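Chemist:
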Amino acid sequence: MGRIPCCEKDNVKRGQWTPEEDNKLSSYIAQHGTRNWRLIPKNAGLQRCGKSCRLRWTNYLRPDLKHGQFSDSEEQTIVKLHSVVGNRWSLIAAQLPGRTDNDVKNHWNTKLKKKLSGMGIDPVTHKPFSHLMAEIATTLAPPQVAHLAEAALGCFKDEMLHLLTKKRID
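Going by full-length UniProt numbering, the first residue of the sequence shown is number 1, and it counts up by one from there.
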């Protein structure tokens with residue numbers, strides 16, 4: 001049937017990492033490197049699985065990582081590259097030193113998509129909503145265009161009204 005997933009084995013801690021665990025992992029890696037993730041937890045004195053240690057190191061503890069808010073320049077780079085390569089977060093993160101693919105993906109999904117929509121830009125195509133409506137209208141037969149344009153304009157007005165009147169949550 002295969003082996004048991006590492007995080008389901010007995011005596012393997014799950015959940016939030018403690019500062020003590022972070023220190024143990026960082027100290028061990030500083031001395032011995034990251035050669036074998038399956039052996040690192042035991043050798044470092046951690047009750048975690050190798051995958052958990054690898055992800056913790058890769059996404060949070062590496063000394064070359066940037067923590068904190070993204071700069072305007074980083075956000076512009078993400079938007080520009082997303083318009084070219086889509087959701088290929090590793091490719092985008094490779095152009096942002098100190099940012100992981102997970103950081104970039106989370107920032108896109110929690111901040112940048114909303115920011116673009118608020119500016120009237122579709123976050124999928126990176127085109128203004130008005131251009132998308134025009135493209136849709138030109139692809140339909142004339143009787144359908146009037147009905148669709150009227151419905152789309154109503155939806156667009158409702159969305160813009162919602163965006164303008166909602167309380168700022170950020």
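Cβ coordinates follow ideal geometry from the N, Cα and C atoms, glycine included. Keep in mind it's a predicted model, so treat the numbers as computed, not measured.
Quick check: what's the CA-CA separation for LYS42 versus ARG48?
Modeler: Those two C-alpha atoms are separated by around 8 Å.
Chemist: Cα-Cα, which of TRP108, HIS126 and ASN23 is closest to CYS53?
Modeler: With distances taken between Cα atoms, CYS53 lies closest to ASN23.
Chemist: Starting from the Cα of residue 177, find the closest Cα among LYS66, LYS51, TYR28 and ASN87 and give me that residue.
Modeler: Limits of the chain in this structure are 1 at one end and 170 at the other, which puts residue 177 out of reach.
Chemist: Using the Cα positions of SER26 and GLY33, report the straight-line distance between them to the nearest angstrom.
Modeler: So the two alpha carbons sit approximately 10 Å from each other.
Chemist: Is the Cβ-Cβ distance between ASP103 and SER90 less than 7 Å?
Modeler: Their beta carbons are not under 7 Å apart, which means ASP103 does not touch SER90 by this criterion.
Chemist: PRO19 by DSSP, collapsed to three states: which one?
Modeler: PRO19: helix per DSSP, three-state reduction.
Chemist: State the start and end residues of the unbroken alpha helix (DSSP H) segment that holds LYS127.
Modeler: Where LYS127 is concerned, there is no enclosing alpha helix (DSSP H), given that its DSSP letter is neither H nor E.
Chemist: DSSP puts ILE121 in a beta bridge; with which residues?
Modeler: PRO128.
Chemist: Secondary structure at CYS53, three-state DSSP: helix, strand or coil?
Modeler: It is helical.
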